[in-house]
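Participant: Got a structure for you, questions after.
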Amino acid sequence: MTLLVNEIFYSIQGESLSAGIPCVFVRLTGCNLRCSYCDTPYAYDEGTKMAITEILKEVAAFRCPVVEITGGEPLLQNNTPLLIQSLLEDGYEVLLETNGSIDIGLVDDRCIKIVDIKCPTSGESHKNNLYNLNRLNAVDQIKFVIGDREDFRYAQKIVKTIQSEFPRSHILFSPVFGKMQPEKLARWILDENMNVRLHLALQKIIWPDQPRGV
Ligand code: SF4
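If you're matching positions, the sequence shown starts at 5 in the working numbering and goes up one per residue.
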């Protein structure tokens with residue numbers, strides 16, 4: 005059982021509700037989208053074939069209880085759910101960052117899924133698989149990366165369709181880094197009385213000039 009792996013590294017979790025804690029990142033190769041603001045184009049094609057057992061060994065070397073599977077788009081590879089399951093069975097807390105275009109139904113329920121919903125300025129909002137909104141459980145999170153007022157309005161509309169029992173604090177509104185002023189997004193959230201979480205990508209604040217995982 006193999007996967008194409010772009011990089012494995014140990015860093016501070018920058019996004020999601022786990023922001024701030026140390027985490028091992030397994031970045032898988034390949035993405036079916038081309039977002040206008042993508043900061044990981046090197047993950048589109050570059051990668052090394054690794055057996056799941058090799059990945060587990062490399063992850064274990066960091067002695068960290070939290071692992072995030074990211075990309076690219078991790079769910080493009082058929083063996084990703086198996087990797088997630090193996091990590092869970094080894095006792096890790098596992099997070100999956102997915103771009104929201106692929107069915108999350110095959111992912112183990114114990115895995116925390118951070119599902120992007122692409123907004124219009126990404127250029128990829130027509131690829132959102134909105135059925136995923138019905139497959140979320142209470143530990144999962146939804147992320148909107150917002151670049152302008154139209155994106156904000158788009159996100160607002162989608163939020164209204166999310167089941168009322170889904171925790172509103174797990175709905176993340178994040179400004180497009182370097183394009184959208186965080187204070188502007190904060191103002192819109194407050195003015196519109198939106199019960200969502202303003203979310204800043206911590207790794208971009210700590211390491212603004214670092215093009216790859218650190
Ligand atoms: S989904 Fe993520 S990796 Fe893929 S193009 Fe968009 S930002 Fe880049």
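The beta-carbon is built from N, C-alpha and C at its ideal position, and this holds for glycine as well.
In its own chain, which residues sit with a C-beta less than 7 Å from the C-beta of Pro69, not counting the 5 before and 5 after it?
Facilitator: As a position in the sequence shown, residue 69 is number 65, starting the count at 1. Correct list, in chain order: Tyr96, Glu97.
Participant: Output needed for Val30: all residues of its chain with C-beta closer than 6 Å, excluding positions within five of it in sequence on either side, in chain order.
Facilitator: Locating residue 30 in the sequence shown gives position 26, counting from the first residue. Excluding sequence neighbours, Val30 sits near Ile12, Ile73.
Participant: Excluding the 5 residues flanking Gln145 on each side, which residues of the same chain have their C-beta closer than 8 Å to its C-beta?
Facilitator: The residue labelled residue 145 in the question sits at position 141 within the sequence shown. Once the five neighbours on either side are set aside, the close Cβ partners of Gln145 are Ser20, Leu21, Ile116, Lys117, Ile118, Val119, His174, Ile175, Leu176.
Participant: Quick check on DSSP: helix, strand or coil for Ser90?
Facilitator: By 1-based counting over the sequence shown, the position of residue 90 is 86. Of the three classes helix, strand and coil, the one that applies to Ser90 here is helix, per DSSP.
Participant: Taking the runs of the beta strand (DSSP E) that are 3 residues or longer, which of them lie wholly in the stretch 77 to 152?
Facilitator: 97 to 102, 116 to 120, 145 to 150
Participant: Tell me the DSSP secondary structure of Phe66 in three-state form.
Facilitator: Taking the sequence shown and counting its residues from 1, one reaches residue 66 at position 62. If DSSP states are grouped into helix, strand and coil, Phe66 belongs with coil.
Participant: Reducing DSSP to helix, strand and coil, say where Ser40 ends up.
Facilitator: Translated into the one-based positions of the sequence shown, residue 40 becomes position 36. Coil at Ser40, not helix or strand.
Participant: From what residue to what residue does the beta strand (DSSP E) around Glu196 run?
Facilitator: Your numbering for residue 196 matches position 192 in the sequence shown. It is not in any beta strand (DSSP E) - Glu196 carries neither H nor E in the DSSP assignment.
Participant: What's the C-alpha gap between Ile121 and Ser129?
Facilitator: If you number the sequence shown from 1, residue 121 lands on position 117. If you number the sequence shown from 1, residue 129 lands on position 125. Roughly 7 Å separates the two Cα atoms.
Participant: Around the Cβ of Glu101, are there at least 16 other Cβ atoms within 10 angstroms (buried) or fewer (exposed)?
Facilitator: For the purposes of this step, residue 101 is taken as the residue at position 97 of the sequence shown. By the neighbour-count rule (16 or more Cβ atoms within 10 Å), Glu101 is buried.
Participant: Beta carbon of Gly76: closer than 7 Å to some heavy atom of ligand 1?
Facilitator: As a working mapping, residue 76 is identified with position 72 in the sequence shown. Yes, ligand 1 has a heavy atom inside 7 Å of this Cβ.
Participant: What does the Cβ neighbour count give for Ser178, buried or exposed, with the cut at 16 atoms within 10 Å?
Facilitator: On the sequence shown, position 174 is the one that residue 178 refers to. Buried, since its Cβ has 16 or more Cβ neighbours within 10 Å.
Participant: Could you tell me the alpha carbon to alpha carbon distance between Ile59 and Tyr158, rounded to whole angstroms?
Facilitator: Start at 1 with the first residue of the sequence shown, and residue 59 comes out as number 55. Start at 1 with the first residue of the sequence shown, and residue 158 comes out as number 154. Their Cα atoms are separated by approximately 38 Å.
Participant: What's the gap between the Cα of Glu219 and the Cα of Ile25?
Facilitator: Residue 219 is absent from the structure shown; the chain starts at 5 and stops at 218.
Participant: Tell me the rounded alpha-carbon separation between Leu137 and Asp112.
Facilitator: The residue given as residue 137 occupies position 133 in the sequence shown. The residue given as residue 112 occupies position 108 in the sequence shown. Cα-Cα distance, rounded: 16 Å.
Participant: Have a look at the DSSP bridge pairing and note the partners of Leu206.
Facilitator: Mapped onto the sequence shown, residue 206 falls at position 202. Leu206 pairs with nothing; no bridge assigned.
Participant: From Ile193 to Thr52, what does the alpha carbon distance come to, in whole angstroms?
Facilitator: To locate residue 193, count along the sequence shown from 1; it is residue 189. To locate residue 52, count along the sequence shown from 1; it is residue 48. Those two C-alpha atoms are separated by around 42 Å.
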